[in-house]
Amino acid sequence: MVCLREKIITDCFNSWIKKDASAFRASFADDVSYIESWGPAYNGIGQVMAWFEDWNRENRVLVWDIKKFYHVGDTCICEWYFECDCGGNIDGFNGVSVIDFDEGGKIVALREFQAKTPNDYPYA
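So for the sequence shown, the numbering used here puts the first residue at 141; every next one is plus one.
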């Protein structure tokens with residue numbers, strides 16, 4: 141089950157790069173809750189899909205590289221680096237997602253957290 145969850149998450153993230161709504165939709169349960177790293181929250185697959193379609197009209201995910209997975213029961217945590225082009229402004233940051241799965245292997249909750257890059261080393 142661990143590898144299947146990693147594949148679902150990888151497919152979900154890659155769907156942003158490919159702008160592939162079908163692969164994105166297949167990752168989630170109908171009653172999913174999704175909270176973006178900077179605050180917006182979406183409840184239910186209808187809202188999640190509307191956000192995916194709206195965001196991808198004028199923006200583009202350039203990179204969403206997963207660095208490491210951690211598994212605890214029905215929850216998977218992954219560290220990643222994300223980079224996008226939003227209206228000609230390219231930005232990137234490191235992040236972590238906490239992802240809960242249902243018994244059928246679908247994502248029921250996804251919460252993102254971000255850390256700005258580059259890091260500052262005040263004591264270096």
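Cβ coordinates follow ideal geometry from the N, Cα and C atoms, glycine included.
Keep in mind the model is a prediction, meaning the values are calculated, not measured.
Give every residue of the same chain whose Cβ lies closer than 6 Å to the Cβ of Y182, excluding the five residues on either side of it in the sequence, and list them in chain order.
Y174, V188, W191
Proximal residues to S167 (C-beta, below 6 Å), its chain only, five neighbours per side dropped
I148, C152, I247
Collapsed DSSP secondary structure at N199 in the structure displayed:
strand
Is the beta carbon of F253 closer than 8 Å to that of G235?
yes
Closest residue to R200 among K159, K207, S237, V172 (Cα-Cα distance)
K159
What is the DSSP secondary structure of G179, reduced to helix, strand or coil?
coil
Looking only at DSSP bridge pairs, what is Y272 linked to?
Outside the shown range of the chain (141 to 264) lies residue 272, about which nothing can therefore be said.
E193 versus D260: straight-line alpha-carbon distance, rounded:
35 Å
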